[in-house]
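Residue numbers for the sequence shown, in this note's numbering: 21 to 82. Backbone N, C-alpha and C fix where the C-beta goes; we use that ideal spot for every residue, glycine too. As the structure is a prediction and not an experimental result, all values here were calculated from the model. One structure is given below, encoded as structure tokens.
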Amino acid sequence: MTLHFEPVSEQTAEAARNVILSGLTERFGVLRPEFLADVYALPGSYAPPALLLVGLHEGKPV
Numbered sequence: 021m022t023l024h025f026e027p028v029s030e031q032t033a034e035a036a037r038n039v040i041l042s043g044l045t046e047r048f049g050v051l052r053p054e055f056l057a058d059v060y061a062l063p064g065s066y067a068p069p070a071l072l073l074v075g076l077h078e079g080k081p082v
């Protein structure tokens, strides 16, 4: 499997958010949205100089 990485964008933000929230839910069970403002504000919360990379497989975020 080949992965390509790129900065989170408007096109990948929703999928990235879903992957992040899924992983956090799996790990912690209950999420507290008040501590996740940066996740809900993607991609703006990681505008330069901040950086959040999204892994893509066949053009789809994973």
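Exercise for review: Select from Thr22, Leu51, Phe55 and Pro63 the residue whose C-alpha is nearest the C-alpha of Ala35.
Suggested key: Pro63
Review point. First and last residue of the alpha helix (DSSP H) that includes Glu34?
Key: Ala33 to Phe48
Review point. Does Gln31 come within less than 9 angstroms of chain B when only Cβ atoms are used?
Key: Given the protein chain composition of this structure (a single chain), no chain B is represented.
Point to revise | Rounded C-alpha distance that separates Phe25 from Val74 | key: 5 angstroms
Review point. If we call anything under 9 angstroms between Cβ atoms a contact, is Thr32 one with Pro81?
Key: yes
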